[in-house]
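Peer 1:
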Amino acid sequence: MMFAYDCISYIPGAFLIPFFIMLILCGVPLAYMEMAIGQYTHRGPLGAIGKLCPFFKGAGLATVVISYLFTTYYVIIITWSFYYMFSTFQSELPWTSCDQEWSSAQCWVNSTNATLPRSNDSRSPTEDFYIERVLERTSGIEDQGTIRWQLLLILLGCWVLIYLCIWKGPKSTGKAKRCVSAGGGGRGHFASVEVIVTTIQDHFGDLVKRYLRRKEVLVAVVCFVSFLCGLPNITQGGFWFFTLIDYYAAALSLMILAFFEVIGVTWFYGAGCLARDIRDMTGSGPNIFFVACWYLISPLLIFGIFIFSMIQYRPLSMAGYTYPVWAQVLGWIIALISVVCIPLGMLHAVYTAKGPNLLRVTSASIAP
87 MMFAYDCISY
97 IPGAFLIPFF
107 IMLILCGVPL
117 AYMEMAIGQY
127 THRGPLGAIG
137 KLCPFFKGAG
147 LATVVISYLF
157 TTYYVIIITW
167 SFYYMFSTFQ
177 SELPWTSCDQ
187 EWSSAQCWVN
197 STNATLPRSN
207 DSRSPTEDFY
217 IERVLERTSG
227 IEDQGTIRWQ
237 LLLILLGCWV
247 LIYLCIWKGP
257 KSTGKAKRCV
267 SAGGGGRGHF
277 ASVEVIVTTI
287 QDHFGDLVKR
297 YLRRKEVLVA
307 VVCFVSFLCG
317 LPNITQGGFW
327 FFTLIDYYAA
337 ALSLMILAFF
347 EVIGVTWFYG
357 AGCLARDIRD
367 MTGSGPNIFF
377 VACWYLISPL
387 LIFGIFIFSM
397 IQYRPLSMAG
407 YTYPVWAQVL
417 GWIIALISVV
427 CIPLGMLHAV
437 YTAKGPNLLR
447 VTSASIAP
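What the sequence shown shows, in my numbering, is residues 87 to 454, in sequence order.
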């Protein structure tokens, strides 16, 4: 969904060229690396990187945190999609004209206003329906308004559906998940929730058995908490909060996480060691292209993009609205929620390592 949004927001050629460059040089190699270390260590994100290089185990925890942030606000896009689907169950689509009860003064249709000039702030009935009907968007993040009860019911239904599809695990719900996620986006959302549930089970299994008893209860708790975290996104001012999270959590945090993850695995554990592990599992190692991307190309690209992003950083703005300072600070706090896991993991690795002096302790925290 976000890919389609970016294609519309930018000139297709200008967007697709850097997209495919990053896909080939970073996306595919890093996805291959993550699948390889997961298969080799037989652990989830929290334990896989820690087994190869304990010093960077915080990157695994950061992965889980970012997955949870994605889970809480990406479902909002699904909520909007369901609202559009339900809106089609009528004789005339509500976004084809400007004579609806919610239509704003900026709504403009070429066929009905052929003799009138189009103003700079005019918008199509489709855009007007999205802003005035689906979102009931306020003037800014300062004005949150009230909860959109239609979106609230749809959001609740989405989380109930997610719960029913994963509460028994992949074996018993494979067919259900195939039916509701054939397009691909739903599978990604199910996977994000399962990452969180699996991580909690793997590392806090005793507490889960003691207080929650069964996995079904754990899944229900995760889904319910995620539902509550999504409520700020479905108020009348929720669009501004959604954009804030998407900008800081999905862009800046991911670059920092990806950089430290690839550095920890390929520079400290070793790209050659990872290639050897893949060869032991599959009988053939990765080609030189993947090794070069892991060792040099991907880290340099990610680091360069991050530096240029910081140099060209401007206060977040959307639709002519500039976010206030307190909202910018809130965005950075949201970004740091996941990023701070990396230095905390480093400190924990050094603290728990054994050695006669600081140098030996640091070396022990890096060695697998």
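Built from N, CA and C at the ideal position, the CB exists for glycine as well.
Looking only at C-alpha atoms, which of Y154, M119 and F310 sits nearest to L247?
Peer 2: As a first step, residue 247 is located in the sequence shown; it is residue number 161 there, counting from the start. Per the Cα distances, F310.
Peer 1: Have a look at H434, R365 and V415 and flag the residue whose alpha-carbon is nearest the alpha-carbon of M119.
Peer 2: Looking up residue 119 in the sequence shown gives position 33. Of the listed residues, the one whose Cα sits closest to M119 is R365.
Peer 1: Measure the Cβ-Cβ separation of S153 and I282 and say whether it is below 8 angstroms.
Peer 2: In the sequence shown, the residue the question calls residue 153 occupies position 67. In the sequence shown, the residue the question calls residue 282 occupies position 196. In this structure, I282 lies closer than 8 angstroms to S153 by Cβ.
Peer 1: Measure the Cβ-Cβ separation of I320 and I233 and say whether it is below 8 angstroms.
Peer 2: As a position in the sequence shown, residue 320 is number 234, starting the count at 1. As a position in the sequence shown, residue 233 is number 147, starting the count at 1. In contact: I320 and I233 (Cβ atoms closer than 8 angstroms).
Peer 1: Going by the C-beta, is E213 closer than 7 angstroms to any heavy atom of the ligand FMN?
Peer 2: You won't find the ligand FMN in this model; it holds no ligand whatsoever.
Peer 1: Between E347, F346, V220 and Y249, which has its C-alpha nearest P54's C-alpha?
Peer 2: There is simply no residue 54 to check, as the chain begins at 87 and stops at 454 in what is shown.
Peer 1: With contact counted as at least three CB pairs below 8 angstroms, one residue from each stretch, are the stretch 163-173 and the stretch 237-253 in contact?
Peer 2: Cβ pair count under 8 angstroms is three or more, so yes.
Peer 1: Can you tell which of Y437, F276 and I349 has its C-alpha closest to the C-alpha of L138?
Peer 2: Within the sequence shown, residue 138 is the residue found at index 52, counting from 1. Of Y437, F276 and I349, the residue nearest in Cα terms is I349.
Peer 1: Buried or exposed for S258, please, with buried defined as at least 16 other CB atoms from any protein chain shown within 10 angstroms of its CB.
Peer 2: Counting from one through the sequence shown, the residue named residue 258 turns up at place 172. With a pLDDT of 47 at S258, under the threshold of 50, the modelled position of this residue cannot be trusted, and the question is left open.
Peer 1: Taking 8 angstroms as the threshold (C-beta atoms), are I428 and A122 in contact?
Peer 2: Here the question's residue 122 lines up with position 36 in the sequence shown. Here the question's residue 428 lines up with position 342 in the sequence shown. Contact: no.
Peer 1: Can you have a look at K143 and say buried or exposed, based on whether 16 or more other CB atoms are within 10 angstroms of its CB?
Peer 2: To locate residue 143, count along the sequence shown from 1; it is residue 57. K143 should be labelled buried.
Peer 1: Between the alpha carbons of F101 and P115, how many angstroms are there, rounded?
Peer 2: Working through the sequence shown from its first residue, we reach residue 101 at position 15. Working through the sequence shown from its first residue, we reach residue 115 at position 29. Approximately 20 angstroms, taken between the alpha carbons.
Peer 1: Determine, using beta carbons only, whether I227 and Y169 come nearer to each other than 8 angstroms.
Peer 2: If you number the sequence shown from 1, residue 227 lands on position 141. If you number the sequence shown from 1, residue 169 lands on position 83. Not in contact: I227 and Y169 (Cβ atoms no closer than 8 angstroms).
Peer 1: Assuming contact is defined by CB atoms lying nearer than 8 angstroms, are S384 and L111 in contact in what I supplied?
Peer 2: Within the sequence shown, the letter at position 298 stands for residue 384. Within the sequence shown, the letter at position 25 stands for residue 111. Yes, they are a contact pair.
Peer 1: Check whether the stretch 400-416 and the stretch 123-137 are in contact - that is, three or more C-beta pairs closer than 8 angstroms.
Peer 2: Touching, no.
Peer 1: DSSP three-state call for L227: helix, strand or coil?
Peer 2: Sequence index remark: in the sequence shown, residue 227 carries index 141 (1-based). According to the sequence shown, residue 227 is Ile rather than Leu. I227 falls in the coil class under three-state DSSP.
Peer 1: Between the Cα of R223 and those of G323, P140, F394 and F327, spot the shortest distance and give me the residue it belongs to.
Peer 2: Along the sequence shown, one-based indexing puts residue 223 at 137. Closest by alpha carbon: G323.
Peer 1: Any idea if E347 is buried or exposed, counting beta-carbon neighbours within 10 angstroms, 16 or more meaning buried?
Peer 2: Working through the sequence shown from its first residue, we reach residue 347 at position 261. Under this definition E347 is a buried residue.
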